[in-house]
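Below is one structure, written out as structure tokens; the observations come after it.
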Amino acid sequence: MEVKKRDGQVVDFEREKINRAIFKSFRSVDSVISDENLDRISLNIEKTIKERYPKDHVVTVEEIQDLVELELIENNYYKEVKSYILYRAKHNMDRKVLTDFEAFIDDEYTLSIIKDINDEYDNQRYPIESLYLKFESFTKKNMTKEALLNALIKAASELTSKEAPDWEFIAARFMIHLINLKISLSEEKYGIVDFRSKVQYLTSAGLYGSYILESYTNKDLEELGAYLKEDRNKLFTYSGLDLVAKRYLIKTFEGEYIESVQEMFMGISMHLAIGEKDQVSFAKKLYDILSQLKATMATPTMTNARKPFNQLSSCFIDTVPDTLKGIYRSITNFAQVSKHGGGMGLYFGKVRAQGSDIRGIRNVAGGVIRWIKLANDTAVAVDQLGVRQGAVACYLDIWHKDIPEFLSLRTNNGDDRMKAHDIFPAVCVPDLFWKECRDNIGGDWYMFDPHEVFVKYGKSIEDTYGEEFEEFYYKLVNDKEISKRVIAIKDLIRLLIKSWTETGTPFVFNRDAVNRANPNKHKGIIYSSNLCTEIAQNMSPSETVSEEIKTVDGETVIVNTTKPGDFVECNLASLTLGNIDVNDKEELEEVVSTIVRALDNVIDLNYYPTPYAKVTNKKYRAIGLGTSGYHHMLVKNDIKWSEEDAHLDFVDKVYEDINYFAIKASNEIAKEKGSYSCFDGSDWDNGDYFKQRGYESERWENLKKDVHENGLRNGYLLAVAPTGSTSIISGTSAGVDPIMNKYFLEEKKGAIVPRVAPGLNTKTFWLYENAYNIDQNISMRACGVRQRHIDQAQSVNVYITTEYTMRQILNIYLTAWEAGVKSLYYVRGKSLEVEDCDSCAS
1 MEVKKRDGQV
11 VDFEREKINR
21 AIFKSFRSVD
31 SVISDENLDR
41 ISLNIEKTIK
51 ERYPKDHVVT
61 VEEIQDLVEL
71 ELIENNYYKE
81 VKSYILYRAK
91 HNMDRKVLTD
101 FEAFIDDEYT
111 LSIIKDINDE
121 YDNQRYPIES
131 LYLKFESFTK
141 KNMTKEALLN
151 ALIKAASELT
161 SKEAPDWEFI
171 AARFMIHLIN
181 LKISLSEEKY
191 GIVDFRSKVQ
201 YLTSAGLYGS
211 YILESYTNKD
221 LEELGAYLKE
231 DRNKLFTYSG
241 LDLVAKRYLI
251 KTFEGEYIES
261 VQEMFMGISM
271 HLAIGEKDQV
281 SFAKKLYDIL
291 SQLKATMATP
301 TMTNARKPFN
311 QLSSCFIDTV
321 PDTLKGIYRS
331 ITNFAQVSKH
341 GGGMGLYFGK
351 VRAQGSDIRG
361 IRNVAGGVIR
371 WIKLANDTAV
381 AVDQLGVRQG
391 AVACYLDIWH
401 KDIPEFLSLR
411 TNNGDDRMKA
421 HDIFPAVCVP
431 DLFWKECRDN
441 IGGDWYMFDP
451 HEVFVKYGKS
461 IEDTYGEEFE
471 EFYYKLVNDK
481 EISKRVIAIK
491 DLIRLLIKSW
501 TETGTPFVFN
511 RDAVNRANPN
521 KHKGIIYSSN
531 LCTEIAQNMS
541 PSETVSEEIK
551 TVDGETVIVN
561 TTKPGDFVEC
571 NLASLTLGNI
581 DVNDKEELEE
591 VVSTIVRALD
601 NVIDLNYYPT
611 PYAKVTNKKY
621 RAIGLGTSGY
631 HHMLVKNDIK
641 WSEEDAHLDF
651 VDKVYEDINY
661 FAIKASNEIA
671 KEKGSYSCFD
681 GSDWDNGDYF
691 KQRGYESERW
701 ENLKKDVHEN
711 GLRNGYLLAV
721 APTGSTSIIS
731 GTSAGVDPIM
741 NKYFLEEKKG
751 AIVPRVAPGL
761 NTKTFWLYEN
771 AYNIDQNISM
781 RACGVRQRHI
791 DQAQSVNVYI
801 TTEYTMRQIL
811 NIYLTAWEAG
821 VKSLYYVRGK
831 SLEVEDCDSC
841 AS
């Protein structure tokens, strides 16, 4: 059977088109029709055409639509038939609008995008006449194809609203076409005809590392090029695609677009597959996950993978020793890390306090503040090729004598010469302090000079935790020969809260919770975290062993011998929970196991900005698998954040599964490639890791046995970063935080662009809750539930309003401590503006 279209063209009859039109009319009035009834109606229409029309008659589209109306009336679908009649009228209007677009646009592909949008989206919420009217208002005479596409992008993005959020995706469709047009010009200019020739050109131009062509044959490149899935570009929102285009796509040295979005994902996947037994197969598997936005690699990995300069790591942590040479070594290490785009955490807890002795001469040491100011100036000076200044978090113990001055580093009062506005202060807190805050807030807190303590006892207080720390603390309190600085606990809390509410910092690192849960406590201690508070790994300072004057090839040289400490570096990625069916254990395991293997490969494929990082990374083979889209996931599963029992029960199961699959994946890699060097004697090895977390089910018992017998590839596995940038790419909520608004405005290219919460619709609108309206104690307890399954830490923010009292803010931190939370990131107040660190945003 054939059908005559309005333009006179004769095509085959398709009953599916009738079904689609009826379905749209039902959906527009929030009605539901079963597939059975839908098929029955369209079959009746087909039967009517065959039985009542002459055999030589070619039925027209209008006649079919008349029959649909009659059939709906026959079945008493009066409300729906009215909608269908309006749908017909709307369709006629849309055809006219398409003709109006043709008056401005002669690019057939652009017109096909507009037609596809009209066909795929609900015409009531996404009418193309609205797009046309907005677009027309931006048009001028003699506009170029690029200018017209930019007008379409701007029109679609400005139409985004709570009621019609998918205009974000529509704007992205025009943008991807614009990017591809620019790429086509570059391909023509440089004689690129396919993916293979593009990789060859990028390599010869110094934009790709030579290791790609050295690792893949021409046949491999042709196979991988044929595997690219351009339709996955439709998964992007405008904001996500705009960020990818600005920051991650490779451009020529002249600034021309040369790499497409899907080629970017494949290039990253190819790099991280190098060394696998079947590189092509693994590259495809990783590409599928990244291109479907089910996971994202960290910003440095996405930026630098496949390039000649392949620094792929996000986070670095150094322990600053109490020597002049050691302090400057740490500052130099920070400068090298900053130069290559990494974020840094510096632990200053070993540095002697102000007024301490130097070479036995008392009251001459300047304390930690002057060295922190040096780190501050280094962050400003080493500005990553002018792109952005360096970023460093400076950690100090709350029992250190210099802590009051430290807590005032960024506040608005006091001597500006004692300020360091460009660092991020963070305080390391033992259980004892929180106990005193809870049970003895009217009491005193004692602070000590770590150098003085070490000189007398030959032991550092920062090298203890838990009960051992408490015993040492009270021993020092009662030691009349040890000098002390005393402050009322209430006053110290006021200093903390003043800084939190004015600056959003200091970050908080609960050192006892961290060290109790450290699976590698047999090899060291954890003093602090990184720039974004999610990394928790063994730390120790490097030491200069000797300086020798030698003659080499007839030249006099000075050879410095240094014993490297545990200089922490971590490689990050995040599961996009909002884009994964977390209830499908098969899908979750596939994504987790693939990303764990990719992160493990990063360790061997990475360029290290300092040799100290390389030594430690090879020693522990630490990775940091995290999550983004947490709030998005809750809403997709019909759970409100404030529904505490349902919330906590659900995420407890999800994060236990993630942890299980991550350990299982690392265990499988260990069978194939060997364990990390410090595995023997670790909590992974002796089973304490599993016992401590109450993992007693059959699957966990089997895995514990397998890990003991066959080892683990990675000494640290899970760490949840803030994902400020990469969550935008994935079109999901950031990290494990609640959204701050369902709808907000963002400045982009000098224009104000509306943004909406991920997956916003009439149902999810009521499930999303604003971060500032959520009881933060629920958030802290949820963080504690997740923490049981995360061997490192989480970047978790506290959201407050001006109505919060000092007691309420303190109670949030006490709740977090009691729940076992290891670290807390920013305090975000409505009047505060704090910025996530992109170095750790995975």
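First residue of the sequence shown: 1, per full-length UniProt numbering; consecutive thereafter. Don't be surprised by glycine CBs; every beta carbon is placed ideally from N, CA and C. All values derive from a computational prediction rather than experimental measurement.
Beta-carbon proximity of residue i to residue j, cut-off 8 Å
i, j, result
"R247", "H271", "no"
"I639", "H647", "yes"
"I22", "L38", "yes"
"F174", "I153", "yes"
"E644", "I800", "no"
"L131", "A155", "yes"
"Q776", "I739", "no"
"F469", "A393", "no"
"E71", "I33", "no"
"T561", "S546", "yes"
"T449", "S483", "The sequence given here places Asp at residue 449; Thr does not occur at that position. In this structure, S483 lies closer than 8 Å to D449 by Cβ."
"L111", "E146", "no"
"T815", "R781", "yes"
"V68", "I45", "yes"
"L810", "C428", "no"
"residue 847", "N530", "Limits of the chain in this structure are 1 at one end and 842 at the other, which puts residue 847 out of reach."
"A379", "G390", "yes"
"D737", "A771", "yes"
Environment of residue i [buried if 16+ CB atoms lie within 10 Å]
i, result
"E769", "buried"
"Y109", "exposed"
"A226", "exposed"
"F744", "exposed"
"M1", "exposed"
"W766", "exposed"
"S116", "Here residue 116 is Asp; the residue named in the question, Ser, does not match the sequence. Answer is exposed; the Cβ neighbour count stays below 16."
"G694", "exposed"
"G504", "buried"
"residue 866", "Because the chain spans 1 through 842 in this model, residue 866 falls outside it and cannot be assessed."
"N510", "buried"
"E62", "exposed"
"A205", "exposed"
"H789", "buried"
DSSP-derived helix/strand/coil call for residue i
i, result
"P754", "strand"
"T110", "helix"
"F265", "helix"
"M418", "helix"
"N233", "helix"
"E643", "coil"
"V821", "coil"
"L572", "strand"
"Y527", "coil"
"A103", "coil"
"N560", "strand"
"D119", "helix"
"H400", "strand"
"K251", "strand"
Neighbourhood of residue i by C-beta, 6 Å cutoff - its chain only, sequence neighbours within 5 removed
i, result
"S157", "A171, Y238 and V753"
"D288", "none"
"P519", "S682, D683, W684, Y689 and D791"
"F454", "S460"
"S727", "S628 and A734"
"Y607", "N310 and Q311"
"L207", "I250"
"L202", "Y208"
Residue-level contact to chain B via CB, residue i, 8 Å cutoff
i, result
"Y716", "The question asks about chain B, but that chain is absent: this structure has only one protein chain."
Cut-off 7 Å between Cβ atoms - residues of its own chain near residue i, not counting five sequence neighbours on either side
i, result
"E587", "I580 and D581"
"I114", "L98, F101 and I128"
"S795", "C532, T533, E534, V720, A721, P722, G735 and Y825"
3-residue-minimum beta strand (DSSP E) runs that sit fully inside the UniProt domain "ATP-cone" (1-95), ordered along the chain
2-4 and 10-12
Which runs of the alpha helix (DSSP H) spanning at least 4 residues fall entirely within the region 319-389, listed in chain order?
If you keep only unbroken alpha helix (DSSP H) runs of at least 4 residues inside the region 319-389, you get 324-339 and 368-381.
Which ranges would you report for the alpha helix (DSSP H) in the region 121-178 if only whole runs of at least 4 residues count?
128-138 and 145-158
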